[in-house]
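Chain order of the listed sequences is A and B. Using this note's numbering, the first residue of the first sequence is number -5, and each one after it goes up by one. Using this note's numbering, the first residue of the second sequence is number -5, and each one after it goes up by one. For glycine and all other residues, C-beta sits at the position ideal for the given N, C-alpha and C.
2 protein chains.
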Amino acid sequence: MTRLGQIKSIIKDRISSGTLGRRSKLPSERELSELFNTTRITIKDVLVSLETEGLIYREGRKGWYVSPPRICYNPLSRSHFEKMVQEQHRQARTELVTVRTDIAYGEYAQALEIDSLSSIHIIERVRFIDDRAVLLVENCLKSELFPNILEFDLATSLTHLFSNTYGYQTKRSKFEVFPTSAPKHVAKALGLSEGQPILKICRVNYKQDGELMDCEFEYWRPDAVMIKIDSGE
Amino acid sequence: MTRLGQIKSIIKDRISSGTLGRRSKLPSERELSELFNTTRITIKDVLVSLETEGLIYREGRKGWYVSPPRICYNPLSRSHFEKMVQEQHRQARTELVTVRTDIAYGEYAQALEIDSLSSIHIIERVRFIDDRAVLLVENCLKSELFPNILEFDLATSLTHLFSNTYGYQTKRSKFEVFPTSAPKHVAKALGLSEGQPILKICRVNYKQDGELMDCEFEYWRPDAVMIKIDSGE
DNA sequence: TAGTGGTCTAGACCACTCG
DNA sequence: GAGTGGTCTAGACCACTAT
């Protein structure tokens, strides 16, 4: 077995045995390279490999930590984020990052199936699970369907706002899921460095009359989530 | 911008402009490091970063190639692999790797919800799109439900075999999707090195009477696929 | 046999975080 | 100011692939 493989399995043992509990901080890369009598490059390869497997994660320039269990997420369910997280006995929090109004462009225009002269609102929020930033969400709404929405509290459930204030129910949604890397603004909001892997989910929602209502771009830390779907529900 | 970022965007430009067409081979790491007047380590960081984004992939020790477009995959649809791929104007092929009969254990026993004394068949196959190995599938069947199945041609659609020979229809399925890294046998079958990222999909299928029938573990090259689901279909 | 990526050594400076 | 990860240099040997 390679040196890399040896070190990996030692650290994995420490994690699965609980010697390194969830959320606990690993020794620094320099300490690890001395401990294992190797270089920082090799240690970094080990850590990136464990990160890929979903066992550890890094937070900005602060260090490496053991990943908590994944949240099970059913994108088809009507349940909103806070409820889903609480049902799995975890703590949820949402913070508003930015709100902007703009002319539809790029993937927003494409997802909403509108031309480039329509006005849209883009709401950017970060979601936390147990105080760890795990998800950046961009909600993208057709302005004409949501008058005065910017005057409401946008750190709470948008689903409730859509239903209670505008009378819109989500009748149908389409979504796409694929692994890719974090764009700059996502990396910044989640404390990643540019180009780290994320799981991207694009959703489009239709209201009860079948009209396309809004779309959503979700960027998940890849170790934080597991998509779970049951066709019989 | 960092040197890494500069080199990345230059290569990205070459890809999006078509100068580097799909499936074309990139220059070797050594050549690139001379071209950009930097070291192989930096070039490797660039390439891994582009790989994470899904733009390029590597094949064994042969080199780096530009990724073809992702296949759209709906795990809820009854459509089988070959048909799905053909509908997207790509070419599909399946190769049988191994078949073994064993006592249920580990994640097989767990997924099939049986104790460890039941016999199961495990069918391992590699699927190709346009002659690129993109997917390793492990089908795991309860032996008692599929007498003599090992005598059939297992490189074709199992869905058809289930239906035509045994009269089993999939009435319901559950699945889970999450990013992780390739276990050894998967890496080997797909020509990856150990620990590279993959997208894992676990499926459990129930037949028309509601009985749990089989489960499936799919390991996809992460740049080869996009999960696509429509709740209104 | 020549060329490829995989792995590894032994350093260095920088940007950022935290006490 | 001390410590962290992010980035980068300049080499090396190995396992495997293609011809």
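Can you give the Cα-Cα distance for residue i and residue j, rounded to whole angstroms?
| i | j | result |
| --- | --- | --- |
| residue 86 of chain A | residue 60 of chain A | 19 Å |
| residue 113 of chain B | residue 133 of chain B | 14 Å |
| residue 219 of chain A | residue 196 of chain A | 15 Å |
| residue 64 of chain B | residue 217 of chain B | 6 Å |
| residue 41 of chain A | residue 23 of chain A | 9 Å |
| residue 178 of chain B | residue 74 of chain B | 26 Å |
| residue 125 of chain B | residue 213 of chain A | 31 Å |
| residue 34 of chain A | residue 27 of chain A | 5 Å |
| residue 44 of chain A | residue 50 of chain A | 6 Å |
| residue 9 of chain A | residue 90 of chain A | 34 Å |
| residue 224 of chain A | residue 176 of chain B | 25 Å |
| residue 127 of chain B | residue 180 of chain B | 11 Å |
| residue 190 of chain A | residue 186 of chain B | 19 Å |
| residue 192 of chain A | residue 215 of chain A | 5 Å |
| residue 48 of chain A | residue 168 of chain B | 22 Å |
| residue 221 of chain A | residue 198 of chain B | 14 Å |
| residue 109 of chain A | residue 139 of chain A | 16 Å |
| residue 3 of chain B | residue 57 of chain B | 20 Å |
| residue -3 of chain A | residue 119 of chain B | 31 Å |
| residue 204 of chain B | residue 158 of chain B | 19 Å |
| residue 143 of chain B | residue 80 of chain B | 27 Å |
| residue -1 of chain A | residue 55 of chain B | 18 Å |
| residue 194 of chain B | residue 121 of chain B | 14 Å |
| residue 97 of chain A | residue 72 of chain A | 29 Å |
| residue 36 of chain B | residue 30 of chain B | 10 Å |
Return no unless some Cβ of chain A is closer than 7 Å to the Cβ of residue i.
| i | result |
| --- | --- |
| residue 33 of chain B | no |
| residue 220 of chain B | yes |
Does any C-beta atom of chain B lie closer than 7 Å to the C-beta of residue i?
| i | result |
| --- | --- |
| residue 36 of chain A | no |
| residue 171 of chain A | yes |
| residue 168 of chain A | yes |
| residue 281 of chain A | Chain A is shown only over -5 to 227; residue 281 of chain A falls outside these bounds and no answer can be derived. |
Can you pull the chain B residues whose beta carbon is under 9 Å from the beta carbon of residue i, in chain order?
| i | result |
| --- | --- |
| residue 70 of chain A | 223 and 225 |
Of all the options the options, which has the alpha carbon lying nearest to the alpha carbon of residue i?
| i | options | result |
| --- | --- | --- |
| residue 32 of chain A | A:57, A:21, A:1 and A:55 | A:1 |
| residue 15 of chain B | B:24, B:5 and B:22 | B:5 |
| residue 39 of chain B | A:138, A:188, A:55 and A:194 | A:188 |
| residue 173 of chain A | A:211, A:17 and A:160 | A:211 |
| residue 160 of chain B | B:171, B:166 and B:137 | B:137 |
| residue 84 of chain A | A:185, A:97 and A:62 | A:62 |
| residue 153 of chain A | A:10, A:78 and A:163 | A:163 |
| residue 53 of chain A | A:206, A:202, A:182 and A:199 | A:182 |
| residue 141 of chain A | A:155, A:131 and A:149 | A:155 |
| residue 202 of chain B | B:166, B:184, B:208 and B:209 | B:166 |
| residue 135 of chain A | A:100, A:94, A:145 and A:116 | A:116 |
| residue 111 of chain A | A:119, A:118 and A:102 | A:102 |
| residue 67 of chain A | A:-1, A:129 and A:206 | A:129 |
| residue 94 of chain A | A:11, A:7 and A:145 | A:145 |
| residue 208 of chain B | B:7, B:88, B:21 and B:106 | B:106 |
| residue 88 of chain B | B:77, B:11 and B:206 | B:77 |
| residue 147 of chain B | B:200, B:100, B:92 and B:104 | B:92 |
| residue 131 of chain B | B:100, B:82, B:184 and B:20 | B:184 |
Could you list which residues in chain B have their beta carbon closer than 7 Å to that of residue i, in chain order?
| i | result |
| --- | --- |
| residue 193 of chain A | 173 |
| residue 17 of chain A | Those do not exist, as residue 17 of chain A stays about 19 Å from chain B at its closest Cβ, beyond 7 Å. |
List, in order along the chain, the chain B residues whose C-beta lies closer than 8 Å to that of residue i?
| i | result |
| --- | --- |
| residue 43 of chain A | 175 and 189 |
| residue 64 of chain A | 172 |
Kindly list, in the order they appear in chain A, the residues whose Cβ is closer than 8 Å to that of residue i.
| i | result |
| --- | --- |
| residue 180 of chain B | What residue 180 of chain B touches in chain A: nothing, since even the nearest Cβ is about 12 Å away. |
For a contact defined as C-beta to C-beta under 9 Å, what are the partners of residue i on chain A?
| i | result |
| --- | --- |
| residue 216 of chain B | 172, 173, 174 and 191 |
What I want to know is whether the C-beta of residue i ends up closer than 6 Å to one or more non-hydrogen atoms of the ligand FAD.
| i | result |
| --- | --- |
| residue 12 of chain B | As far as ligands go, the structure on display features none, and thus does not contain the ligand FAD. |
message: Threshold first: 3 residues or longer. Then list the beta strand (DSSP E) segments lying entirely within the segment 110 to 145 of chain B, N to C.
response: For the segment 110 to 145 of chain B, whole beta strand (DSSP E) runs of length 3 or above, ordered along the chain, are 113 to 123 and 126 to 136.
field: beta strand (DSSP E) runs contained entirely in the segment 3 to 62 of chain B, provided each spans 3 or more residues
entry: 50 to 53 and 57 to 60
field: Completely contained beta strand (DSSP E) runs for the segment 179 to 208 of chain A, where each covers 3 or more residues
entry: If we require 3 residues or more, the beta strand (DSSP E) runs fully inside the segment 179 to 208 of chain A come out as 191 to 201.
- prompt: Which runs of the alpha helix (DSSP H) spanning at least 4 residues fall entirely within the segment 69 to 118 of chain B, listed in chain order?
  reply: 75 to 81 and 100 to 106
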